[in-house]
Amino acid sequence: MERRLGRGLGSLLGGTPSTAPTTSSDTQKPTELPVNQIRPNSQQPRIRFDETALEGLRDSIKHHGVIQAVAVRRTEAGYELISGERRLKAAKLAGIAMIPVVVHEDVSDDSALELAMVENLQREDLDPIERAKGFQSMMTRLALKQDQVAERVGLKRSTVTNHLRLLELPAEIQDAVIQGLLSMGHARALAGLGDSSLQVELMEKAVRQGWSVRQVEKRVKASGSSGGSTSTVVSPAGEEAKKPSWVQDVEGRMREALGTQVVVHHREEGSGKIVISYHDAGEMDRLLNAVAPRHII
Numbered sequence: 110m111e112r113r114l115g116r117g118l119g120s121l122l123g124g125t126p127s128t129a130p131t132t133s134s135d136t137q138k139p140t141e142l143p144v145n146q147i148r149p150n151s152q153q154p155r156i157r158f159d160e161t162a163l164e165g166l167r168d169s170i171k172h173h174g175v176i177q178a179v180a181v182r183r184t185e186a187g188y189e190l191i192s193g194e195r196r197l198k199a200a201k202l203a204g205i206a207m208i209p210v211v212v213h214e215d216v217s218d219d220s221a222l223e224l225a226m227v228e229n230l231q232r233e234d235l236d237p238i239e240r241a242k243g244f245q246s247m248m249t250r251l252a253l254k255q256d257q258v259a260e261r262v263g264l265k266r267s268t269v270t271n272h273l274r275l276l277e278l279p280a281e282i283q284d285a286v287i288q289g290l291l292s293m294g295h296a297r298a299l300a301g302l303g304d305s306s307l308q309v310e311l312m313e314k315a316v317r318q319g320w321s322v323r324q325v326e327k328r329v330k331a332s333g334s335s336g337g338s339t340s341t342v343v344s345p346a347g348e349e350a351k352k353p354s355w356v357q358d359v360e361g362r363m364r365e366a367l368g369t370q371v372v373v374h375h376r377e378e379g380s381g382k383i384v385i386s387y388h389d390a391g392e393m394d395r396l397l398n399a400v401a402p403r404h405i406i
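Structure representation (structure tokens):
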């Protein structure tokens, strides 16, 4: 059972509590604040809140109070939420006047974004698209590389990379993931197609017919695609055929070894090219070090 934080059930639920912040004598920082004095987090990465889950948390707060304090930062305009938006929303729905807080001083916008993202990832499940957009926002606003984002949020770099690739999918597929109609596994399988119209077509069939991830993967292979590009070989006469299994195997081995998308374009006469994808300069440096490391003499 989680340890109860805050001033206790009486101060959260009983009577008409004071609207003045309650402070701790040793730190002179408030340990409780009126809910209406805490501004929403302007850096909040979460876009959607499950209304049913929020109502459940509201009912829990009515009976047990706010078990874990929210984190806030002090600004010139007052107090702004860093993490705990679901708790704050549910407390307002429950009619709670005061909420336990942990006050952080001198927290920048960038730090607030990072703290909010990490808190969401560790405590509340974002859908894969929200998580991907959060990673993207950290990279853009904090000027971080993928491996740095992974380190900050405590995940493997490949996890961050796989999420970011979801943002390359058509909006229809992203919406299906957000709505819970498709899992991330389904979306990753569809990402193996280079044709966006075909991706959407297979997505619609997968949703209507309730395909498993494995079924989507089989349909992607049957469509003659692999590795993020249309999987065709072009003959001298210009006819298209499915990629040979050995070519698909080569792509799979290289993707596994390099941790990124690899497409092999092989022609019947024996020539061809290998396309290695990267998403930013940091990933390009990583791939260069893997494929052609610089030797210091």
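Numbering-wise (our numbering), the sequence shown opens with residue 110 and increments by one. Where a beta carbon is used, it is the ideal one built from N, C-alpha and C, also for glycine.
Rounded to whole angstroms, the Cβ separation of Leu-311 and Leu-299 is 6 Å, and the two are in contact under 8 Å. Per DSSP, Pro-237 is one residue of the alpha helix (DSSP H) stretching across 237 to 251. Gln-308 counts as buried, since no fewer than 16 other beta carbons sit within 10 angstroms of its beta carbon.
Proximity to Glu-185 across Val-175, Gln-146, Lys-265 peaks at Gln-146, based on C-alpha coordinates. With respect to the C-alpha of Ile-385, the residue from Gly-379, Gly-361, Arg-376 having the closest C-alpha is Gly-361.
Straight across, the Cα-Cα distance linking Ile-170 with Asp-256 is about 38 Å.
Membership of Val-181 in the beta strand (DSSP E) is indicated by the continuous run 179 to 184.
Under the DSSP assignment, Ile-208 falls in the beta strand (DSSP E) whose first and last residues are 207 to 213. Within the same chain, Ile-385, Leu-396, Ala-399 come within 7 Å of Leu-367 by CB-CB distance, once the 5 residues on both sides are set aside. The bridge partners DSSP lists for Arg-148 are Glu-189. Rounded to the nearest whole angstrom, the C-alpha separation of Asp-304 and Val-329 is 11 Å. Residue range 381 to 385 is occupied by the beta strand (DSSP E) that includes Ile-385. Ranked by Cα distance from His-173, the options Gly-294, Glu-194, Ile-205 are led by Ile-205.
Counting along the chain, no alpha helix (DSSP H) covers Val-175, and no H or E run does either.
Using a Cβ-Cβ distance cut-off of 8 Å, the region 187 to 205 and the region 238 to 258 are not in contact, since fewer than three pairs of beta carbons, one from each stretch, lie closer than that value. By the Cβ-count criterion, Ile-208 is buried, with 16 or more other Cβ atoms from all chains shown falling within 10 Å of its own Cβ. Annotation for Val-372: no alpha helix (DSSP H) segment contains it, though the beta strand (DSSP E) segment containing it runs 371 to 375. Spatial neighbours of Arg-274 in its own chain (CB-CB distance under 6 Å, excluding positions within 5 residues in sequence) are listed in chain order as Ala-300.
Of the residues Ser-292, Arg-297, Pro-279, the one whose Cα lies closest to the Cα of Ser-306 is Pro-279.
A residue is called buried when at least 16 other Cβ atoms come within 10 angstroms of its Cβ; Glu-228 meets this threshold and is buried.
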